[in-house]
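For reference, the structure discussed in these notes is given below.
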Amino acid sequence: MSYGIPTAASGQGAEVPVCPRHPDRVAYVRCQRCGRPACTECQRQAAVGIQCVDCVRETAKTAPVSRGAFGGLARAGRPVVTFTLIGICVLVFIGEWIPGLNLLGQFVYAPVTTETEPWRMVTSIFTHSTGFLLHILLNMYSLYVLGTVLEPVLGRLRFSVLFLVSGLAGSVGVLLLGEPGQGVVGASGAIFGLFGALFVLQLKRRGDIRQILVLLVINGVIGFLPGTNIAWQAHLGGLIGGALVGLVLIYAPAGKSQRVLQWGGVLAVLLILLVITVWRTAALHEISQLYQF
Numbered sequence: 001m002s003y004g005i006p007t008a009a010s011g012q013g014a015e016v017p018v019c020p021r022h023p024d025r026v027a028y029v030r031c032q033r034c035g036r037p038a039c040t041e042c043q044r045q046a047a048v049g050i051q052c053v054d055c056v057r058e059t060a061k062t063a064p065v066s067r068g069a070f071g072g073l074a075r076a077g078r079p080v081v082t083f084t085l086i087g088i089c090v091l092v093f094i095g096e097w098i099p100g101l102n103l104l105g106q107f108v109y110a111p112v113t114t115e116t117e118p119w120r121m122v123t124s125i126f127t128h129s130t131g132f133l134l135h136i137l138l139n140m141y142s143l144y145v146l147g148t149v150l151e152p153v154l155g156r157l158r159f160s161v162l163f164l165v166s167g168l169a170g171s172v173g174v175l176l177l178g179e180p181g182q183g184v185v186g187a188s189g190a191i192f193g194l195f196g197a198l199f200v201l202q203l204k205r206r207g208d209i210r211q212i213l214v215l216l217v218i219n220g221v222i223g224f225l226p227g228t229n230i231a232w233q234a235h236l237g238g239l240i241g242g243a244l245v246g247l248v249l250i251y252a253p254a255g256k257s258q259r260v261l262q263w264g265g266v267l268a269v270l271l272i273l274l275v276i277t278v279w280r281t282a283a284l285h286e287i288s289q290l291y292q293f
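Be aware that the sequence shown starts at 1, since it is given in the UniProt record's numbering, and climbs by one per residue.
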């Protein structure tokens, strides 16, 4: 890439270099890549010397995309998706307190609502009980801890899919094993799915899985204790769904076919969830007439 070097006449008749983007500014510093003058506003620090903004932009267009070991885009910085999911849950929780919105009533999921309002299987993931503050606090803390580990490893898109499919699998678990008229809310199913994926990741890395197993056992036991009002069905469904998605994302061999195998595996998991949903909903068709939501 070559450019002409713009100049301007000085008071003594000699020509001085000027910035091509700002012809009214004299620029004695030249871009290390194209050789053109660059004023202070157009200078960008490069690995070696200074480059102009045009060369930096051109380099960014042609730079190869960096991907992690599991196919996700390698990004530095904060876990944006994790913070976004937490933000959505918090906003919904605040909205539940606003009179007239009735977000809890509109977003809660029960198996009998599947036939007419299937979107509740997803909206319930972002909804939490207003009568138990620890519900959202513990879930958001768990999401933060797990998200800061998994999102940088998997990438934003894959982590988003993992969370949503895990949450959906939790709802399918409630549909399959729960009481038809029992409403459930919360991100617990999705979070258990993150636990499942983290377990798979630790197996892949040959890391210590004892702490994860202890946490899963403790939470599993709590879910079966009388009076806890915890939907263990969502925990179980989310755990299985997250582990399956984790398997296809983490164990897909690196190479040209990695992304095909990963997304094909995710679609297979979604297809299984769809088949279970259709089958179970058909079985509950007559029962659903007995409930009003």
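C-beta: ideal position from N, C-alpha, C; glycine also. None of these values were measured; they are calculated from a predicted model.
Taking just the CA atoms, how far does residue 83 sit from residue 161? For residue 161 and residue 83, the gap between their C-alpha atoms comes out near 15 Å.
Following the continuous alpha helix (DSSP H) through residue 339, name the residue where it begins and the one where it ends. No information on residue 339 is available, as it lies outside the stretch 1 to 293 that the chain covers here.
Kindly identify the DSSP beta-bridge partner or partners of residue 44. 51.
Please confirm if the region 182-193 is in contact with the region 249-266, defined as three or more CB-CB distances below 8 Å between the two stretches. Contact between the region 182-193 and the region 249-266 is not established, with fewer than three Cβ pairs separated by less than 8 Å.
Separation of residue 172 from residue 244, as counted between CA atoms: Spanning the two alpha carbons is a distance of roughly 14 Å.
Does the separation of the CB atoms of residue 127 and residue 277 fall below 9 Å? Against a cut-off of 9 Å, the Cβ pair of residue 277 and residue 127 comes out as no contact.
Ends of the beta strand (DSSP E) at residue 16? Its beta strand (DSSP E) spans residues 15-17.
Just the C-alpha distance for residue 130 and residue 102, rounded to the nearest angstrom, thanks. If I take the Cα positions, the gap works out to 12 Å.
Buried/exposed call for residue 257, threshold 16 Cβ in 10 Å: Within a 10 Å sphere around the beta-carbon of residue 257 sit fewer than 16 other beta-carbons, which makes this residue exposed.
Would you give the residue range spanned by the alpha helix (DSSP H) that residue 246 belongs to? Per DSSP, residue 246 belongs to the alpha helix (DSSP H) from 232-250.
Taking the CB atoms as reference points, tell me whether residue 164 and residue 280 lie closer together than 9 Å. Not in contact: residue 164 and residue 280 (Cβ atoms no closer than 9 Å).
Residue 79 to residue 93, Cα distance in whole Å? Spanning the two alpha carbons is a distance of roughly 21 Å.
Strand pairing of residue 109, partner residues [DSSP]: DSSP lists 184 as partners of residue 109.
In the DSSP assignment, the alpha helix (DSSP H) including residue 162 goes from what residue to what residue? Annotation for residue 162: the continuous alpha helix (DSSP H) segment containing it runs 156-177.
For residue 198 and residue 218, believed in contact at Cβ under 8 Å, the rounded distance: About 15 Å separates the two Cβ atoms, so there is no contact after all.
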